[in-house]
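Worksheet: one structure, shown below.
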Amino acid sequence: MAAIASDLGVAGPALVSISLDGVEDVELSAARPGGRRVRQPEVILPVAKLAEMNGELAPKVQEQLDILWQTAGWIDGSPSFTSEAWAGYSDKQNYSIE
């Protein structure tokens, strides 16, 4: 997000809104057994308020991602934040979108 904002010449505070539609049959899976289907047709997560659009986005939406995983039965929240930093910054095999 920071790269896009920079390329567009946009700076300053921002709001990040995450919502998922048609997810009632989606089940989030992790390395260990557990979890369940989301069982809700729509999940609307709290809005994240960013003081600045530059920098890493993942830590700023950790609460929202934890809530998403908790909705799917994972009480500990997102497994991507087990080491205080988002795993996607170092694990290119599992988090690459290329």
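Basically the working numbering = 1-based index in the sequence shown + 245.
Positions of the beta carbon are idealized from the N, C-alpha and C atoms, including for glycine.
These figures come from a predicted structure and were not determined experimentally.
Pair within 7 Å by beta-carbon distance, residue i and residue j
i	j	result
Arg-282	Glu-272	yes
Val-292	Thr-316	no
Ser-323	Asp-336	no
Ala-198	Leu-295	Residue 198 lies beyond the stretch modelled for the chain, which goes from 246 to 343, so this question has no answer here.
Gly-318	Gly-280	yes
Val-261	Val-306	yes
Bounding residues of the alpha helix (DSSP H) (the contiguous stretch that carries residue i)
i	result
Asp-311	307-316
Leu-253	247-253
Pick from the options that is closest to residue i, judged by C-alpha positions
i	options	result
Thr-327	Gly-254, Ala-293, Pro-304	Pro-304
Leu-253	Ala-275, Asn-299, Lys-337	Asn-299
Between the CA atoms of residue j and residue i - distance to the nearest angstrom
i	j	result
Ala-332	Asp-270	26 Å
Ser-274	Leu-265	17 Å
Ala-277	Ile-320	First, the residue type needs correcting, since residue 277 is Arg and not Ala in the sequence shown. In a straight line, the C-alpha of Arg-277 is about 13 Å away from that of Ile-320.
Ala-330	Gly-267	29 Å
Glu-308	Glu-301	15 Å
Gln-338	Ser-325	13 Å
Ala-248	Ile-263	19 Å
Gln-285	Tyr-334	30 Å
Ser-341	Leu-313	20 Å
Glu-343	Leu-290	26 Å
DSSP bridge partner residues for residue i (one or two, in chain order)
i	result
Glu-297	Looking at the DSSP assignment, Glu-297 forms no beta bridge with any residue, so it has no partner.
Ile-289	Ser-264
Arg-229	Residue 229 lies beyond the residue range present for the chain, which begins at 246 and ends at 343; the question has no answer from this structure.
Boundaries of the beta strand (DSSP E) in which residue i is found, first to last residue
i	result
Ala-259	259-261
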